[in-house]
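Residue numbers (the numbering used here): 329 to 464.
Ideal Cβ positions, reconstructed from N, Cα and C, are used throughout, including at glycine.
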Amino acid sequence: MRALTKGATVGWFFENWYVIVGLLLALFLPIYLVVIAVHFKREAKKSLVLLEKECAEADEPPLREIHGRVVEKHCYSDVAGTKNVRAYTCFYFLFLTDDGETVRYEIDEETYLAIEEDTEGMVGIVGDRFCGFCPD
Numbered sequence: 329m330r331a332l333t334k335g336a337t338v339g340w341f342f343e344n345w346y347v348i349v350g351l352l353l354a355l356f357l358p359i360y361l362v363v364i365a366v367h368f369k370r371e372a373k374k375s376l377v378l379l380e381k382e383c384a385e386a387d388e389p390p391l392r393e394i395h396g397r398v399v400e401k402h403c404y405s406d407v408a409g410t411k412n413v414r415a416y417t418c419f420y421f422l423f424l425t426d427d428g429e430t431v432r433y434e435i436d437e438e439t440y441l442a443i444e445e446d447t448e449g450m451v452g453i454v455g456d457r458f459c460g461f462c463p464d
C-alpha cells in the first residue's frame with residue numbers, strides 16, 4: 329500500500345471532488361431544508377394573523393336573518409343585441425317580512441328553482457346582499 333504524502337492527499341481531493349461535494353450536500357442540505365420549512369411556516373403564520381386583523385376590522389355588517397314569506401318569484405332576460413340569453417338573465421323574488429315590508433332580492437338560477445312561492449322561511453342577508461334562504 330502506498331503511503332499518502334501531502335501531494336497525494338491534495339491530488340486525491342481534486343480527483344474525487346464529487347465525493348467531497350456529495351458529503352457537503354448530505355451534511356448541509358437537511359439543515360437548509362429545515363431552515364426553509366421553518367421560515368415559510370413563520371411567514372404563513374404572519375400572513376394569517378394579518379388577514380385575521382383585516383377581516384376583524386372590515387366594515388362589512390354582520391349576517392342578519394329575517395323571517396317572512398316568499399310572495400312572488402320572477403325571471404327576465406335582456407337580450408337586446410346579443411345571442412347569449414344566459415348572460416343577461418336575471419332571477420329575483422319578492423319577500424314579505426313579518427313586519428309587512430316587501431323586499432326584492434336578486435338570486436342565482438339554482439336558488440330560483442329551489443324556492444317555491446308562498447313558502448315561509450328565513451332569508452340571510454349581509455347589508456343589502458342576499459346570502460341564502462332556508463324554508464321552515
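> For Val-454, which beta-bridge partners are listed by DSSP?
Replying inline: Leu-391 and Arg-457
> So what's Gly-428 in DSSP terms, helix, strand or just coil?
Replying inline: coil
> With DSSP run on the structure shown, which of helix, strand or coil describes Glu-400?
Replying inline: strand
>> Tell me the DSSP secondary structure of Ile-359 in three-state form.
In response: helix
> Can you give the Cα-Cα distance for Ile-364 and Asp-456, rounded to whole angstroms?
Replying inline: 46 Å
> Residues in its own chain within less than 7 Å of Thr-417 by CB, not counting five upstream and five downstream?
Replying inline: Cys-403 and Ser-405
> My guess is that Thr-439 and Gly-396 are in contact by the Cβ rule of under 8 Å, so how many angstroms apart are they, rounded?
Replying inline: 16 Å between Cβ atoms; not a contact.
> Would the beta-carbon of Phe-423 fall within 8 Å of that of Val-451?
Replying inline: yes
> By how many angstroms is the C-alpha of Leu-355 removed from the C-alpha of Val-347?
Replying inline: 12 Å
> Do you know how far the Cα of Pro-390 is from the Cα of Glu-448?
Replying inline: 23 Å
> Anyone know if the C-beta pair for Cys-466 and Ile-453 falls short of 8 Å?
Replying inline: No statement about residue 466 is possible, as the shown extent of the chain runs from 329 to 464 and does not include it.
> What whole-angstrom Cβ distance do Ile-443 and Val-398 have, given they're in contact under 8 Å?
Replying inline: 6 Å
>> With H, G and I counted as helix, E and B as strand and the rest as coil, what does DSSP make of Thr-447?
In response: coil
> Excluding the five sequence neighbours on either side, which residues of its own chain have a C-beta within less than 7 Å of the C-beta of Met-329, listed in chain order?
Replying inline: Because the pLDDT at Met-329 is just 44, under 50, the model does not fix this residue reliably, and the point stays unresolved.
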